[in-house]
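**Student:** With the sequence shown counted from 1, adding 39 to any position gets you this note's numbering.
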Amino acid sequence: MSVLRRLVLLAIPYGARTLFAPSVAGDLEATFELRISDPGAGEPERFALIIAGGRCQVRRGAIVDAAAGVTVGAADLVRMVLRLVGWPELLANGRLELSGNPFVALRFPAAFRLPASANPRLAQIPSWARSRRTKRSARSAATS
Numbered sequence: 040m041s042v043l044r045r046l047v048l049l050a051i052p053y054g055a056r057t058l059f060a061p062s063v064a065g066d067l068e069a070t071f072e073l074r075i076s077d078p079g080a081g082e083p084e085r086f087a088l089i090i091a092g093g094r095c096q097v098r099r100g101a102i103v104d105a106a107a108g109v110t111v112g113a114a115d116l117v118r119m120v121l122r123l124v125g126w127p128e129l130l131a132n133g134r135l136e137l138s139g140n141p142f143v144a145l146r147f148p149a150a151f152r153l154p155a156s157a158n159p160r161l162a163q164i165p166s167w168a169r170s171r172r173t174k175r176s177a178r179s180a181a182t183s
């Protein structure tokens, strides 16, 4: 299992509660099964995201009666959270899958503030310029 995937799996309980937007979720009362896939690892890791009363609870493990399911790779989940890619693009490319009740499934991205499109300003920054190490090196060179 990759280091990134391990970190994502450890961060999901805290991250899901942090990203959850009660004002956007409104009256939504549903359970989602979040599946973090890994092409080389076989079965995805599963989390139950239970939304009720304007709150989000997260439990590790599969849930039988989920209203909707969301399957995404760890790297793509990180890209969405960082606003480097929008969920519709991942959906169109088959890298994000929504299943179950379509009306509930389509409320998932908004309830967790996942962007519909990439932030164009982030997309214009070359990948080498986003690195902390490169920025620090550039700053050091500028102050020398």
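Ideal Cβ positions, reconstructed from N, Cα and C, are used throughout, including at glycine.
#1: Just checking, does the region 63-77 make contact with the region 90-110 on the three C-beta pairs under 8 Å criterion?
#2: Would you mind reading off the limits of the alpha helix (DSSP H) that contains G54?
#3: Look at V117 and I51 and say whether their C-beta atoms are less than 8 Å apart.
#4: If you reduce the DSSP assignment to three classes, tell me which class E84 lands in.
#5: Hey, would you say A144 sits closer than 8 Å to P127, going by beta carbons?
#6: I'd like the span of the beta strand (DSSP E) that includes A69, first residue to last.
#7: Taking DSSP as the reference, what is the three-state secondary structure of S138?
#8: Excluding the five sequence neighbours on either side, which residues of its own chain have a C-beta within less than 6 Å of the C-beta of L46, listed in chain order?
#9: Can you tell me whether A157 is helix, strand or coil according to DSSP?
#10: Compute the Euclidean distance between the alpha carbons of F147 and C95, then round it to the nearest angstrom.
#11: Taking just the CA atoms, how far does L43 sit from A114?
**Tutor:** On the basis of the supplied data:
#1: yes
#2: The residue labelled residue 54 in the question sits at position 15 within the sequence shown. Per DSSP, G54 belongs to the alpha helix (DSSP H) from 42-58.
#3: Taking the first residue of the sequence shown as position 1, residue 117 is located at position 78. Taking the first residue of the sequence shown as position 1, residue 51 is located at position 12. Contact flag unset, no.
#4: Stepping through the sequence shown from its first residue, residue 84 is reached at position 45. In the structure shown, E84 sits in a strand (DSSP, three-state: E or B).
#5: By 1-based counting over the sequence shown, the position of residue 144 is 105. By 1-based counting over the sequence shown, the position of residue 127 is 88. Result no, Cβ atoms of A144 and P127 do not sit closer than 8 Å.
#6: Numbered from its first residue, the sequence shown carries residue 69 at position 30. Segment 69-76, the beta strand (DSSP E) holding A69.
#7: Within the sequence shown, numbered from 1, the residue matching residue 138 stands at position 99. S138: strand per DSSP, three-state reduction.
#8: Indexing the sequence shown from 1 puts residue 46 at position 7. Result list for L46: empty, nothing under 6 Å.
#9: Counted from its first residue, the sequence shown places residue 157 at position 118. It is coil, neither helix nor strand.
#10: Locating residue 147 in the sequence shown gives position 108, where the first residue counts as 1. Locating residue 95 in the sequence shown gives position 56, where the first residue counts as 1. Taking the straight line from one Cα to the other gives about 12 Å.
#11: In the sequence shown, the residue the question calls residue 114 occupies position 75. In the sequence shown, the residue the question calls residue 43 occupies position 4. Approximately 7 Å, taken between the alpha carbons.
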